[in-house]
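Novice:
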Amino acid sequence: MEIDFELGKKILAAVNASRNLEVKTLDVDILPHPDGKDIFVLRSNMKFPISRAQAEKVLEKFSIPHSVMEGVKCTDGTFCFTFDTLHRLGLYLIPYLSYGILNGGMATSYCDVKNNSKFNPELFARAESDFTKLAQLCKGQPKGITPAYINPDGTPGYDFIELKMRSVLRHIQQSQALTGKPASDYQHAIFQMTSFNTDAKLAARYKEYKNSPILKDLIAQTGVDITEPESAVQPLIPAFTPTAAGYPLSFFKDRNGEYYALPGGHGQNFIVLRDIYKKLLAAGKKFVYLGNVDNIGFTITPVELAVLALTGRQATFDFSFKTPVDVKGGILIRERNGHLTCGDIGRAVSDEFVKKNEDAGIPILFNCATGLFNLEYLVENL
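Under my numbering, the letters of the sequence shown match residues 39 to 420, in that order.
#1: Tell me, please, which residues DSSP counts as bridged to Ile-199.
#2: Looking only at its own chain, which residues have a Cβ that is under 6 Å from the Cβ of Gly-261, when we skip the five neighbours before and after it?
#3: Once the 5 residues before and after Ile-88 are set aside, which same chain residues still bring their CB inside 6 Å of it?
#4: What does Asp-382 pair with, by DSSP beta-bridge criteria?
#5: Alpha carbon to alpha carbon, how far is Ile-314 from Lys-85? Give it in angstroms, no decimals.
#6: To the nearest angstrom, how far is the alpha carbon of Lys-397 from that of His-377?
#7: Tell me Gln-272's beta-bridge partners as DSSP assigns them.
#8: For Lys-366, is the classification buried or exposed, using 16 other Cβ atoms within 10 angstroms of its Cβ as the cut-off for buried?
#9: Figure out for me which residue from Lys-177, Lys-181, Gln-179, Leu-172 has the closest Cα to the Cα of Asp-188.
#10: Is the CB-CB distance between Leu-69 and Asn-395 below 8 Å?
#11: Distance, Cα to Cα, Phe-308 vs Asp-114?
#12: Buried or exposed, going by whether 16 or more other CB atoms sit within 10 Å of the CB of Thr-236?
#13: Using 10 angstroms around the beta-carbon of Asp-150, count the other beta-carbons present and answer buried if the total reaches 16, otherwise exposed.
#14: In whole angstroms, what separates the C-alpha of Leu-97 from that of Pro-280?
#15: Can you tell which of Lys-239, Thr-265, Pro-190, Gly-192 has its C-alpha closest to the C-alpha of Ile-228?
#16: Is Leu-311 closer than 8 Å to Leu-410 when the C-beta atoms are compared?
#17: Which two residues bound the contiguous alpha helix (DSSP H) that contains Asn-54?
#18: Which first and last residues belong to the beta strand (DSSP E) in which Cys-149 is found?
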């Protein structure tokens, strides 16, 4: 096991240097709502206006035939896309997309009785027998190769990563049927960031996926071997001593005097995957998705892809309407300077502010931690 002490020292120095800095409380103006300009609700009845000049510019850039505009109404130089016409345009953009997975986490939390029973002890007690069975399957495994769901008969379902690979292949299949493009246009369809703890086990399972009942036929039909993703391993860094022990922090050692190593945060992907992002751009990709492997809702959305291409924005991010179980994470806010940003509950945005708005029945947009990026912009700013 290799530990990147140099990287650890840099991060540790930054943490210690900032110990006297207060966590910035955001200057919240309002909780924003869908406005059809910066925030869209992707529903079947949506309307998306864009200038004719901008739409034609996108068609030309991506060599998309004008027949894709069939059914798109044009009034006074403005095209008005519907959900269906955006979906069709998005399928034409699939060859320019690569799907990125943050795949470095172990399934430790899936086996944690204390944390999983905390939300509703009575409910947990009723399901404890099934929980114990599944926990045994997850113990010591990367999150990505553990069951993503449970079948009605109680048996484990397909793996998280297996379902994601199937989803990507299904979108490629639909795109090929519409565009007639060859398999060569859909290579580099998937990439990942693993960790020291997950990399070898993931690679071994991917070899088995070649014969997966939900992947094998799609691989043959599309000509895309989804089981061989572009991949980079996130380095391990030494864990730090607890803040409760006081500053300055140092590297933590266990009772045997050994360093305890963990992967860094997800934001480190922009360093770890830098060469892969550049390779994808050189291969003709223009967009990349990025999200957690165990986020069951993290799938390709052609409508979202079309909106990003038409607007020329830097990125889009998925949010859902906050529910009572969404207690840890960020919410979308608009600051008084007009900027949209995401603030962590309890740190950047107070718990009291969140509760006050929830009690008033005001919808709150909760961060789903998935993003779709303009790859040209991303590489330029790495």
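Note that beta-carbon positions come from the ideal geometry of N, C-alpha and C, so glycine has one too. Note that the coordinates shown come from a computational prediction; the quantities given were computed from them, not determined experimentally.
Specialist: A quick look at the data gives this:
#1: The count along the sequence shown starts at 1 and reaches residue 199 at position 161. Answer is none; Ile-199 lacks a bridge partner.
#2: Taking the first residue of the sequence shown as 1, we reach residue 261 at position 223. Ala-221.
#3: Position 50 of the sequence shown holds residue 88. Excluding residues within five positions, the ones whose Cβ falls inside 6 Å are Phe-117, Leu-348.
#4: Your numbering for residue 382 matches position 344 in the sequence shown. Beta-bridge pairing links Asp-382 to Gly-368.
#5: Looking up residue 85 in the sequence shown gives position 47. Looking up residue 314 in the sequence shown gives position 276. About 36 Å.
#6: Against the sequence shown, residue 397 aligns to sequence position 359. Against the sequence shown, residue 377 aligns to sequence position 339. Per the sequence shown, the amino acid found at residue 397 is Asp instead of Lys. Taking the straight line from one Cα to the other gives about 25 Å.
#7: Here residue 272 corresponds to residue number 234 of the sequence shown, with the count starting at 1. Ser-233, per the DSSP bridge assignment.
#8: In the sequence shown, counting from the first residue as 1, residue 366 sits at position 328. Answer is exposed; the Cβ neighbour count stays below 16.
#9: Here residue 188 refers to the residue found at position 150 of the sequence shown. The sequence as given places Ile at residue 188; Asp does not occur at that position. Of the candidates Lys-177, Lys-181, Gln-179, Leu-172, the one whose C-alpha sits nearest the C-alpha of Ile-188 is Leu-172.
#10: Here the question's residue 69 lines up with position 31 in the sequence shown. Here the question's residue 395 lines up with position 357 in the sequence shown. A contact, by the Cβ cut-off of 8 Å.
#11: Here residue 308 is taken as the residue at index 270 of the sequence shown, counted from 1. Here residue 114 is taken as the residue at index 76 of the sequence shown, counted from 1. In a straight line, the C-alpha of Phe-308 is about 42 Å away from that of Asp-114.
#12: Your numbering for residue 236 matches position 198 in the sequence shown. Thr-236 is buried by the Cβ-count criterion.
#13: Translated into positions along the sequence shown, residue 150 becomes position 112. Exposed, since its Cβ has fewer than 16 Cβ neighbours within 10 Å.
#14: Residue mapping note: residue 97 aligns to position 59 of the sequence shown, counting from 1. Residue mapping note: residue 280 aligns to position 242 of the sequence shown, counting from 1. So the alpha carbons of these two residues sit roughly 54 Å apart.
#15: Position 190 of the sequence shown, counting from 1, holds the residue named residue 228. Comparing Cα positions, the closest option is Thr-265.
#16: Counted from its first residue, the sequence shown places residue 410 at position 372. Counted from its first residue, the sequence shown places residue 311 at position 273. The answer is no: Cβ separation not under 8 Å.
#17: Working through the sequence shown from its first residue, we reach residue 54 at position 16. Its alpha helix (DSSP H) spans residues 43-55.
#18: As a first step, residue 149 must be located in the sequence shown, where it is residue number 111. Per DSSP, Cys-149 belongs to no beta strand (DSSP E) and is neither H nor E.
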